[in-house]
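*Asks:* Residue numbers (my numbering), protein chains in the order written: chain Z, 262 to 801; chain C, 418 to 752; chain B, 2 to 200. We treat Cβ as the ideally placed atom computed from N, Cα and C, and that holds for glycine.
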Amino acid sequence: MTSETAAAERPNWRRYFAWNTDHKVIGIQYLVTTFFFFLVGGLIAMLIRFELIQPGVDLVDGTVFNRFLTNHGSTMIFLWVIPVLAGFGNYVLPLQLGAKDMAFPRLNALSYWLLLTGGLIMLGSFFVGASESGWTAYAPLSIEGPDGQSLWAVSIFILGFSSIFGAINFLVTTVTMRAEGVTLWRLPLFVWGMIATSISVVVATPVLTTALVMVALDRMAGTMFFSAAAGASPVHYQSLFWFYSHPAVYIMVLPAMGIISEVLPVFSRKPIFGYKTIAISSMAISVLGMTVWAHHMFTSGMDPRLRLPFMITSMIIAVPTGVKIFSWLATVWDGKLHLKTPMLFSLGFISMFLIGGIGGIFLAAIPIDIHVHDTYFVVGHLHMVLFGGSVFGIFAGLYYWFPKITGRMYQEWLGKVHFWLTLVGTILTYIPMHLAGLAGMPRRIVDYADEFTDLNVLASIGGFILGIAVLPFIYNVIVSWARGPAAGNNPWRALTLEWQTSSPPPEHNFEHEPRMDHGPYDFGHDLVTGTPAAAPASGD
Amino acid sequence: MRERTIFLLILVALALIGVGVLAAVGLDLMPTAAADRADAVDQLFRIMIGVATVIFLLVEGALVFAVLRFRVKEDDESSGPPVHDNLSLELVWTLIPAIIVVVIGVYSFRVLSAIEVTAEDEMVVEVVARQFTWEFRYPEFDNLTSSQLHLVVGQPVRFEITSEDVIHSFYIPAFRAKRDATPGQISELVVTPTELGRYPIRCAELCGAGHANMLSEAVVESESDFEAWVENISSLPDDPTEAGRFVFEKYGCGACHTLEDMGTTSTVGPDMNGIGQRAGERIEGMTAEDYIRQSLLDPSAHLVEGFADGLMPQDLDQRMSEAELEAIVQYLLNQ
Amino acid sequence: MAAHEAGMTHKSEFRAGRQLGLNHVKLGMWLFIASEVMFFGGLIATFLKYKLALPTNEAAHLDVTLVGANTFLLLTSSFTLVLALAGLRDGKRGAFLRNLLFTVLLGALFLAGQGYEFSLLYAEGVTLSSSLFGSTFFTLTGFHGLHVLIGVVWALVLIVRGTRGAYSADNDLGIEIFGLYWHFVDIVWIVLFTLIYLI
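#1: Are Z:G379 and Z:W341 close, meaning C-beta to C-beta below 7 Å?
#2: Could you give the distance in angstroms between the alpha-carbon of C:L733 and the alpha-carbon of Z:I338?
#3: For a cutoff of 7 Å on Cβ pairs, would you count Z:V553 as touching chain B?
#4: My understanding is that Z:M802 touches Z:T602, with C-beta atoms under 8 Å, so please give their C-beta distance in whole angstroms.
#5: Going by DSSP in three states, B:A3 sits in which element: helix, strand or coil?
#6: Need the endpoints of the beta strand (DSSP E) that C:A598 sits in, please.
#7: Helix, strand or coil for Z:W453 per DSSP?
#8: Does Z:L501 come within less than 7 Å of chain B when only Cβ atoms are used?
#9: Exposed or buried, which one is C:I692 when buried takes at least 16 other CB atoms within 10 Å?
#10: Classify Z:R530 as helix, strand or coil using the three-state DSSP reduction.
#11: Taking 8 Å as the cut-off, does the region 31-49 of chain B touch the region 173-191 of chain B (at least 3 CB pairs, one atom from each stretch)?
#12: So that I know if they touch, is there some Cβ in chain B lying closer than 7 Å to that of Z:T714?
#13: Which residues of the region 143-156 of chain B have a Cβ closer than 7 Å to any Cβ of chain Z? Give them in chain order.
#14: Output the distance between the C-alpha atoms of Z:S651 and C:E743, rounded to the nearest integer angstrom.
#15: Let me make sure I understand the geometry here. Which of B:L196, B:G146, B:F103, B:A17 has the alpha-carbon closest to that of B:L84?
#16: Could you tell me whether the region 458-469 of chain C touches the region 556-568 of chain Z, using the rule of 3 or more Cβ pairs below 8 Å?
#17: State yes or no: is the beta carbon of B:L74 nearer than 7 Å to at least one beta carbon in chain Z?
#18: Would you verify that the beta carbon of C:M447 is, or is not, closer than 7 Å to some beta carbon of chain Z?
#19: Should C:S652 be labelled buried (16 or more other beta-carbon atoms within 10 Å of its own) or exposed?
#20: Taking Z:K285 as the reference, which of Z:K361, Z:S547, Z:I309 has the closest Cα?
#21: Quick one: does Z:R439 have its CB under 7 Å from some CB of chain B?
#22: Quick check on this structure: which residue in Z:V707, Z:L356, Z:L469, Z:I382 has the alpha carbon closest to the alpha carbon of Z:Q315?
#23: Applying a beta-carbon distance threshold of less than 7 Å, which residues of chain B neighbour Z:H497?
#24: According to DSSP, is Z:G723 part of a helix, a strand, or is it coil?
#25: Of the residues Z:V345, Z:P495, Z:S607, which one's Cα is nearest the Cα of Z:I512?
#26: Which same chain residues end up closer than 7 Å to B:E118 when comparing Cβ atoms and leaving out the 5 residues on each side of it in sequence?
#27: From Z:T757, Z:F431, Z:Q761, Z:N717, pick the residue whose C-alpha is nearest to that of Z:F365; which is it?
#28: With a 10 Å radius around its C-beta and 16 neighbouring C-beta atoms as the bar for buried, classify Z:P628 as buried or exposed.
#29: Taking the continuous beta strand (DSSP E) assigned at C:I578, which residues delimit it?
#30: For Z:R328, tell me which candidate among Z:V553, Z:S386, Z:W742 has the shortest Cα-Cα distance.
#31: Helix, strand or coil, according to DSSP, for Z:R669 in the structure here?
#32: If you compare alpha carbons, which of C:I745, C:V544, C:L506, C:I434 is closest to C:D707?
#33: Are the beta-carbon atoms of Z:P775 and Z:L756 separated by less than 7 Å?
#34: According to DSSP, is Z:I314 part of a helix, a strand, or is it coil?
#35: Out of Z:I429, Z:W413, Z:P581, which one is the CA nearest neighbour of C:L508?
#36: In three-state DSSP terms, what is B:R165?
Put into structure tokens, the structure is as follows:
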């Protein structure tokens, strides 16, 4: 089927609002829904930066501010970054494997509807007294919080199931549904990223469930899991919480790194450097990521002897991460670089994540962590890796796969405007935060000492730029999806299987049985053999 | 050509190391160092800044160079060389970061061991955190309490930190010292202040509406000044206004209440300006004096609309002496 | 098209799984069980942490004999389930359905026994909110009981479908998947019984 035919047979828009088991429909449902939550979280961020542009309590009081910061974090983590990457996985993974759909299409649809339900419940909690104890919800503060805290816990409980079911689907699909020729060492690196993430999701998410069940029971059933009066240890909550929440940050970055690994070779016209090393590093990061959690607790009064092992594991994890950065650098080195929007965001990812990753080493060093824990140094670091990292990767993926998903090409100049505004905004917002933290500004405060004013002004201006930056993206998506030029099967001349079928793909993904005869990034072989790289058998 | 490349690379390497050293020595990113631990931490920090600068400039520099050098026109359809890997290169860039990380790890551990060591002649100060004030108790000085921390320069201190309600975190940036205050648990923190001065104390764990206001000050002074302070703070001033201010300060009322006379501006609790007048009008038949007194001893009794229950300390009846209570009541009646 | 929208994928798509000798539904169930292990792990870790840190004499109220008998019932239910699957594979429909029913009954009896133990404890003042022991004990065993309940309902559905001929020697996957779940729930109970009642 040609892309023209596919576009003409474009499915009815109504199917996106109903129960549908086609992974491509579910993928779009995920991408659009999570983007909406991104805007909600972003709006809250604008309010926070508006309050913090000057010292003094101006816009809102301490209580409302605490609700802002709690729900900004919760929305961005649980309703945007984690599920949008699952959305990419949903759309792209079966196509890259040459499969007709996911292993469990109905479970897949359920995962989406659980996401929507959980998300609406979390938004609903705003109306009954939103949670105000941070996305981290430490006991005992979270035990005493308003009613919305219980709804918040329920919503995350539901979202956990969505996440775990999705991970099971990705793992089983990858193991059992690969097309002919899609061997282990020919799996696209995005698939490797999804596998690594899914392992962490399956192993770590249930422990968050445990922690939140205990919080909910302490709040509603009179249990004493975190009651100091009963002899319990509030710090125990932190152990359970971080056992999940540290792997969560790798859950949020590994698929994004996978996207970078997809985009760089295509726009450098060169194989990915160190394919096997990158694949193995992803798995290593996922496993190692489950051994570092107590580095969030260095000042908690935990047994001092236990701090050292966690410092060691936290530093070790820098090695596979560094290896990836160097491999990406070697990929673009001596390539033929086409600086289109997906490539720009990928290069931006590398630069920002480099800063964020280096900041992580500082935090792993316990004496330094003691000074900067729970200060704006951490806020700067986490946003560098989550925004400068994951969100840059997400946008790279959105632009990269936009033509495949919609059959149309976006407007490149708008993409570039979006990129440059985002890059400038990211640097301006989050570098000053590192400096404020070093100078002693705690996090989660509605008011601060005068000495921190200049840095906060810079961060707020940067934040507003980030808010504005999203506008060209939204406009681009709407206008291009409606009437952009037809993109064709493979506008990027990529070699992975999703590009060997029409844009958008037909219902069953491939007209003819797909197969892979070469690696996913085998660019440049025409230089050696004199013949173009063998294209995999496809419809047209 | 090769010699020129090697020469250039050496030049770049030297330049990078130069910038790294400059960054390590020249950048002043930490606040004043006022304790022995601060000096040790700052040295570790500077070295890490130097290393980080070199790494960042190297990698980012290579990236920017590559982007500028290797970009091609849109219609260029050629491919780059089919290079998949290079074992020796990958080994080098795995081992070097590993070594760097090990060195930093070992050095960090040594600094940690050095700064968390207890001394023999420590002064013990109990730190009690509660929403939203700090209380410092000196068991060696007849259990005198204060909302302001006074320390003797050069005198090692062991803080024994706990909380009465939720988790807080005792943080003195100038000392590079922080430890959580957890209910039901006593956490220890050892410091030796080395510079005279006044240093902010901040709460570093979200603890509720007044988290940003949970502030105090560490006053590092000479032994004689410290002893003078101990003398002064042990007894209420004679002058009634001074006595009232003394009690207001001691119990950290300013963390939540605005009062022009004390220069405090927090809005976590009701405004105290004009309370002398308002207190008499709040409850039918209750005098201003009784109202103020009862509001201190039983805060939930007469909650002001718009303010949550449970934010005001509930145990002032146990902590305040009768003289202190009388002093603050009389003082507030005049506000 | 209709087959696709009904959510059924054609068997030829699982060729990679068949090459590896892995059934996708079984693999999915194993992964789900892995997540359940982590969930119970968190609850068990909490129970043990407090048991070691805060010794209490409330454990004296636990009725080891009663719950020991209950444990025997649950273990037997795993055995009857093995017999049921064997019967199905041997083509003996009667044995299959009968043993599946025994599994349901034994599971239900286990739940009744747990309920009785809970009521005895409550009568003696050991409740969810009476102490940390109560909190950890009832949460841990309560969630286990919930999993047993889900299993009992699931097995009832299987019996209804079984009587309508949904399963055969060639089509035993549904029973096998339930078996994985039920045996897992049983093993969790063995761990719980040991840590709570025997140690």
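*Replies:* So, to answer that:
#1: no
#2: 41 Å
#3: For Z:V553, no Cβ of chain B is located within less than 7 Å of the residue's own Cβ.
#4: A query on residue 802 of chain Z cannot be resolved here, the shown segment of chain Z reaching from 262 to 801 and no further.
#5: Here the model assigns B:A3 a pLDDT of 42, short of 50, so the residue's position is not dependable, and the following value carries that caveat. DSSP places B:A3 in helix when its eight states are reduced to three.
#6: 594-598
#7: helix
#8: yes
#9: buried
#10: coil
#11: These segments touch.
#12: Residue contact with chain B for Z:T714: absent (no Cβ-Cβ distance below 7 Å to any residue of chain B).
#13: none
#14: 59 Å
#15: Minimum Cα distance to B:L84 is reached at B:F103.
#16: no
#17: Not a single CB atom of chain Z sits nearer than 7 Å to the CB of B:L74.
#18: yes
#19: Per the 10 Å Cβ criterion, exposed.
#20: Z:K361
#21: yes
#22: The shortest Cα separation from Z:Q315 among Z:V707, Z:L356, Z:L469, Z:I382 belongs to Z:V707.
#23: T47, K50
#24: helix
#25: Z:V345
#26: D64, L67, V68
#27: Looking at the Cα atoms, Z:F431 is the closest of the given residues.
#28: buried
#29: 574-580
#30: Comparing Cα positions, the closest option is Z:S386.
#31: strand
#32: C:I745
#33: no
#34: Z:I314 sits in coil when the DSSP states are folded into three classes, being neither helix nor strand.
#35: Z:P581
#36: B:R165: coil per DSSP, three-state reduction.
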